[in-house]
Structures are given as C-alpha cells and as structure tokens.
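Undergrad: Residue numbers (my numbering), protein chains in the order written: chain A, 130 to 477; chain B, 130 to 477.
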DNA sequence: ATGAAAGCGCTAACAT
DNA sequence: ATGTTAGCGCTTTCAT
C-alpha cells in the first residue's frame, strides 16, 4: 500500500475502489466478501486496488444493509477477577473458528451498570449475548427476552434463565464442600468471604454450605467478610483475626482461592499444623497459585468449559436459526483436596 | 414496559415509536437524543411510548447517518496478564465521564493477529485507537496512520509512535533496576524471564538491564526463560534450577512479579537468607501479591496512569478536533525496594 | 417546536 | 460473470 502525497481525510468508500479498479461497486463488494462468482482477473484487479488505496470496509454500512452483525456481546462483572479472563479465553477459542467476534462489557457487579451496558450493546444489534449470572434488573431481563437473538446466561445455574444457561450450581458446590469437610471430622468451621452482597454466586455457595452443615448438625462457628484491597493480604489478616477470636476452629472455608492462599501462607508461617489441626479450603481453582508451598483444597468452577459451551450455543444457533433455544448445560465441579483437606493421606 | 402478547421478531424502529406516540420520527429521534427543542408534553409522550414498547435504538443506523461512533478501540496482547485489566480500569475511569466507550481486542502477542484485530476494529470506524506497544506490522502502522482518528500507543516509549504515545521507558526501567542492584554490592546476577520473543517490553527491560550492568563491569552470570504454566510454579522451578546450576549467584532479577514471587517463596522455604545472601527483584508491582511473607522488590509500571492518560488524549481530541496530535507522555516508574533489595536496613 | 426530504455506505434482489 | 435498483434505520438539513 502506497501513501498518496496528501492522505484524504475522508475515509475511502467502495466507490473509490470501484473507480480505481474500473469495476462496479457491486462487484467490488462481492470480491471483498468472497461472495458470488467473480472472475479471477477482476478479483485480482479489485484486490490490488483495495490494497493500493488502503481501503478498510465500513462495517456500519454493511451491517445496516445486510441486517447482520458478527458481534457477540459478552457481559461480565469484572476483568480483574481472574475468573472472567478465563471464561473469555474459552469464548474466544470457540468463536475464533467462526465469523463471530466477542465484545466485552464490564458491569462492576452493579445491576444498573449492567442494565446500561446491556442497552448499549443491544443497540449495536449483536448476533448473541453471553451474560454472567441469572440475576438482572427487570428491564434488563425484558431487554434480553426481547433481543431476538440467542442469550446465554453463564456461571450460575441456580435459577431460571431467560433463554439458555451454562454453568455450575453454586449452591451445590457449597453443599459438596461442606459434606467433604464434615466427612473429614471437622466440626468447628469458620467462613471467610467477600462482603459483596451483589455477588450472587458467592452468596449461593455460602447458603449451600450452611445448609449442608445444618443437615450434619453443624453450625458455622465464626465468619468474616472483607472488601477491597489485595486478596492475599486480606486473607492473611482475616485469618489472623478469626483465629485470635475463635482459637478452637478446626476448619476455614474461604469464598475464593486468593484469600484462601493468604490464609494458608499465614498458617504455614505460624507453624500451624495444616490440615492436622486446621483444615483449609477455597473456591475456584486458580492456576496462578500452583507454586504455593502447599496446595489449597479447592473446587474447579469449569470456567474455560463454561465459556466454550456458551460460545458453542451462540455459534450454532446463529448459523442455524432453526435450532431452538433454552439450552441448559449444568457442569459438575469437582473437589480438589489439594494438601489441606484430607487429614489422613493414603499410605504409600 | 409491558410485554405484548406475542413479541415481534422484528426489532422495533423509530417508526414504531413514532406511530405509537403520534409524533414524527424526527421528533422522536430528537427526544431520544436530547437534541433540539422539544416541548415537555411531546417529550413525555415519546419517552412513555418508547419505554412501553421496549424500544432500543439502532446505533448502526445512527452511526451511519451521523458519521459518528462513540467507540474507542483498545488493542492489547492479553487479558490474563493482570497488567492489562489495570490499564483498562484507567481507561474506563476516564471514558466513563464521556460519551465514549472502550471496546477491547486481544492479540495474544501475535503481530498478524494484531493486524486482523485492528482491521476489524477500524472497520467499525471508532473515534480513537489505544494500542499496546510501538511495534506493529507494516500494514498495521499504515492502517493506524490512515485511520483519521486519534491513535495512542501505550505502555512503551522506546520508539517512534504513529501519533501519540503514553508509557514508560522499559529500557530505562531495566537500567535503573540494574543500577540499584549494583549499588547494593550484588555482583553475581541471574536473570529469569519469559521466553516470549514478541514481548518487546520485556526484551527492552532486559537490554537496558544488561547495558547498565555492563557499564558497571558486571555481566549476567546466568539466565533462564520459561513459557506457559503457572507463573508462581515456574518461578519456583526456575529458581531452583538456576541456584543448583550456579550456586554462587547473589541476585535474581525476574521479568515479572509473579515468577519473582515463586522464587521468593522457594528461597524462604529453603531458608536462604534474603536479601543478605541473595537479593531478589521483579517488575510490575502486583497488588495481588501484597500478602506474601516478604515484599518482593519491584517497579511500578504506572498502568492505571497510562490508561487514564491515553483515554484523556482520545477524549480531548475527539471532542475538539482542533487539538493537534503527537502527544508524548513519558511516565517515570519508581523502584519499590520491598524487603528483598536493600541488604542493610535503616536501624530503628 | 415540529416536519419532510435526502442520503450515510453498503448489500439483497433482481436484471442482464 | 457483472451491473442496476432499492432500501437498511437513522440523522442532517432545510422548511414551516
């Protein structure tokens, strides 16, 4: 591509390419989209002209004319959570083999912000929507229902989706972990979590957790919540505070691996016998933490798989509108006991 | 908003709102955009009708007609890097006070992918482009130059930008750290980094580092590179391998805080005297790590500030096209010695 | 304060 | 294999 003496401020149009190549706009359009029959010769001339001029098609006009937009709206609470980049990776893996492209919107766990972001994204008429969680404002649900494109609600399956859903049951995840903990004989259990009332998944895990404990006749012995700051540091501080307040605890359940790791480091430093005297578990297997001195017990939330499955649904339904909606893909998270849950290990 | 008995598959248009409210399309458009004079009465009727129908404007048509798109293309190598979400936060902070909206594209550190993503995004005619790094393919540079909108290249300032640039000099960052290390009397220095030949910023830091060491008559005594896997675990493994191979090293410089933290944990576990016998330093202050038993020496790369400054430039220039381009904002990263760089601490 | 007409840059549908 | 025509849904501009 050569730069002409003075670059035009006006963006180039099909017409420019048409004139430069001596071919009709329509044919240029066909070449640029690999559509319909075009002779080798004209194709070459058009491509040469487009390249020479540095033409970049105007998708806005294209989308308006064709009523098709190859964008998939992905709406998530945060990018710094580690969890969501992984979901994005799964989505991208699948969409990379299609003409579709993800576009991310971040809500910061705020329902009104979610509503705004959704409205904004729907106004671009995307081919599909992937949105985290099942809890939305009334207007947001209405918009999703009226969008006229596939909608996949991800991460959580404890509730009724507008259309399709892919995720895990966080209530069940909490229950399973509670059962595993009780099965190991722990009885004096503390809970440490985020203070975010709007993190519904964390809330549901907690509910499932206490529910299963209750069934075993156990009650949470102490609890503490945090917000803001470095999760690792917070985990450390909270653990110290809780153990000072309630020294007879024999298990700490953390609502995520980062604060759990902070707690683990604290315990190791203090020479506390883990998991002999004190068991620990987190949630959301964070690969990043694999280099810790000891592996924290945790549960994999299947993030990559959730992203892939959601994208699959959008891709399939958007290429074949005959496919009905309402898919339910409930994945099963499994406990990874790491080194901090099982008191007795199998003898070698 | 009420849901009509059978929801229409066809998306609603201005015309629908116009008919429902008995007002011309033009006036509806004015109301919905808060433009021009509209009487209180008609405004209310229009808003009521739009809400009742659940009308979502079509930005594609709007953008085509007005030749204005309130999107800012943000092109970054990765979302899992921790660094980039922080840059995004800075960008959002500033754009939230404007009509502009960021749209993210991810390149996975691949030049061709970057070219594709850029082409794709430019075809939506964004109001500005924020792109990581100064190294791009020839076509990518040409596209940026011809885009006709503000372009800000961020993170790195060692090179010539197409238009504006905001970032730090990674070469200088490497030099500064080398000087600080030598000043502490360390002489047998090992380097541990990513094996990514396309991470130009890591490469420049390394070059600056070796250059400043050379000036002090010191040469890198050992080096090791990794790719893939958990950074913490890799840092641990690499550190072990290097110390076994070259036991007389007295300093380890890591190309990022995550692998540095892995190394730090390893050293503490082995009872190595840090920083007495072995000093450590990373790069890119990661808040997430604040809860480690000891604070790793590092350097803040000013990510939040870079995002904010870049967004500022786009916002300003896009609201006032008279403002000329070519801004250069070179921020100064500072060394945070943490607990692993200074051998002698000030006595209390 | 409101409306009518023209057209943004492209593509669907129909010629040829 | 290529060209022509008529919009896509909105906003700009110019009337009233």
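Note that the Cβ used here is the ideal one computed from N, Cα and C, for glycine as well.
These numbers come from a predicted model, not from an experiment.
#1: Between the C-alpha atoms of residue 143 of chain B and residue 159 of chain B, what's the straight-line distance to the nearest angstrom?
#2: Hey, which unbroken runs of the alpha helix (DSSP H) at 4 residues or more fall wholly within the stretch 358-391 of chain B?
#3: With distances taken Cα to Cα, identify the nearest neighbour of residue 228 of chain B among B:470, B:454, B:453, B:443.
#4: Look at residue 329 of chain A and residue 285 of chain A and say whether their C-beta atoms are less than 9 Å apart.
#5: So is residue 206 of chain A in contact with chain B if we call contact Cβ pairs under 9 Å?
#6: Here's a check: name, in chain order, each residue in its chain whose Cβ is nearer than 7 Å to the Cβ of residue 176 of chain B, leaving out the five neighbours to either side.
#7: Check whether the Cβ of residue 476 of chain A lies closer than 9 Å to any Cβ atom in chain B.
#8: Taking 9 Å as the CB-CB limit, is residue 488 of chain A close to chain B?
#9: Beta strand (DSSP E) containing residue 319 of chain B: first to last residue?
#10: One question on the structure: do residue 191 of chain B and residue 275 of chain A come within less than 9 Å of each other, judged by their Cβ atoms?
#11: Name the residue from A:446, A:214, A:433, A:403 whose alpha carbon lies nearest to the alpha carbon of residue 425 of chain A.
#12: Determine the contact status of residue 240 of chain A and residue 277 of chain B, defining contact as a CB-CB distance below 9 Å.
#13: As a quick exercise: from A:438, A:242, A:320, A:446, pick the residue whose alpha carbon is nearest that of residue 371 of chain A.
#14: Would a C-beta distance cut-off of 9 Å place residue 201 of chain B and residue 257 of chain B closer than the cut-off?
#15: For residue 257 of chain A, name the three-state secondary structure that DSSP assigns.
#16: Do the stretch 302-318 of chain A and the stretch 255-271 of chain A touch if we need at least three Cβ pairs shorter than 8 Å?
#17: Give the secondary structure of residue 201 of chain B by DSSP, where H, G and I count as helix, E and B as strand, and everything else as coil.
#18: Could you pull out every residue in the same chain whose Cβ sits closer than 7 Å to the Cβ of residue 166 of chain A, ignoring the five residues on either side in sequence?
#19: DSSP puts residue 355 of chain A in a beta bridge; with which residues?
#20: Between the beta-carbon of residue 109 of chain B and the beta-carbon of residue 259 of chain B, is there less than 9 Å?
#21: Candidates B:341, B:249, B:273: which alpha carbon is nearest residue 454 of chain B's?
#22: I need the DSSP call for residue 240 of chain A, collapsed to helix, strand or coil.
#23: Quick one: list the residues of chain B neighbouring residue 187 of chain A, beta-carbon separation under 7 Å, in chain order.
#24: For residue 231 of chain A, report the span of its beta strand (DSSP E) as first-last.
#25: At 7 Å on the CB atoms, spell out the chain A contacts of residue 233 of chain B, in chain order.
#26: What three-state label does DSSP hand residue 426 of chain A in the structure shown?
#27: With H, G and I counted as helix, E and B as strand and the rest as coil, what does DSSP make of residue 132 of chain A?
#28: Identify the residues that DSSP records as bridge partners of residue 408 of chain B: which are they?
#29: What residues from chain A crowd round residue 419 of chain B, counting only those whose CB sits closer than 7 Å?
#30: Our contact map puts residue 466 of chain A next to residue 428 of chain A with C-beta atoms below 8 Å; I'd like the distance itself, whole angstroms only.
#31: So with CB distances below 8 Å, who are the chain A contacts of residue 140 of chain B?
#32: Return no unless some Cβ of chain A is closer than 9 Å to the Cβ of residue 400 of chain B.
#33: Please compile the residues from chain A whose C-beta is within a distance smaller than 8 Å of the C-beta of residue 394 of chain B.
#34: Thinking C-beta only, is residue 223 of chain B closer than 9 Å to residue 437 of chain B?
#35: Can you pull the chain A residues whose beta carbon is under 7 Å from the beta carbon of residue 193 of chain B, in chain order?
#36: For residue 282 of chain A, list the residues DSSP reports as bridge partners.
TA: Once the coordinates are examined:
#1: 11 Å
#2: 360-374
#3: B:443
#4: yes
#5: no
#6: 160
#7: Bear in mind that the predicted position of residue 476 of chain A carries a pLDDT of just 39, short of 50, making it unreliable; the figure below should be weighed with that in mind. Not one chain B Cβ lies under 9 Å of residue 476 of chain A.
#8: No answer is possible for residue 488 of chain A: the residues shown for chain A start at 130 and end at 477.
#9: 318-323
#10: no
#11: A:403
#12: no
#13: A:320
#14: yes
#15: strand
#16: no
#17: strand
#18: none
#19: A:323
#20: Only positions 130 to 477 of chain B appear in this structure, which leaves residue 109 of chain B out of reach.
#21: B:273
#22: helix
#23: 252, 254
#24: 230-235
#25: 233
#26: strand
#27: The pLDDT assigned to residue 132 of chain A is 48, lower than 50, so where the model puts this residue is not dependable; a value taken from the coordinates is nonetheless given after this. Residue state, collapsed to three classes: coil.
#28: B:380
#29: 359, 361, 362
#30: Not confirmed; about 10 Å, so no contact.
#31: 254, 277
#32: no
#33: 420, 421, 422
#34: yes
#35: 189, 190, 193
#36: A:260, A:294
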